[in-house]
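> Residue numbers (full-length UniProt numbering): 1 to 122.
In this text, a Cβ means the ideal position worked out from N, Cα and C, and glycines have one as well.
Small disclaimer: the values here were computed from a predicted structure and weren't measured.
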């Protein structure tokens, strides 16, 4: 079968908050976290961004950037936790135009969040 690209985290990768753009020639992959409120999207984004819970978490914002290596090439992976900013509404046209990949998050203890996840499937 066909394998997808090999993805590695470099040993010296740094977590950083996005400044809104990159001037380098590296590839940028945009990943959007989608799901019902309270299922852990922000926690996943903070873990990815290396931001601990506490005052820093609030100041961190909703976009996280990490350098990765895909098939031996440097790339930037940007994770967007933007769901709550629009009052829990999903904006399909905007999100579909913006992202390269989507992670639909739901809680295994909340059937409503699973049903919402079904609505979000594209």
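Quick one: measure Cβ to Cβ for residue 107 and residue 39, integer angstroms, because I've assumed they're closer than 8 Å.
The pair is a contact, with the Cβ atoms about 5 Å apart (cut-off 8 Å).
> What residue range is occupied by the uninterrupted alpha helix (DSSP H) comprising residue 47?
Here the alpha helix (DSSP H) through residue 47 covers 41 to 49.
> Would you list the one or two residues that DSSP bridges to residue 68?
In DSSP, residue 68 forms a bridge with 75.
> Keeping to the same chain, check which residues put their C-beta closer than 6 Å to that of residue 82; ignore five residues upstream and five downstream.
Closer than 6 Å at the Cβ level, and outside the excluded window around residue 82, lie 62.
> On the three-state DSSP scale, how would you describe residue 35?
In this structure, residue 35 counts as strand in the three-state DSSP scheme.
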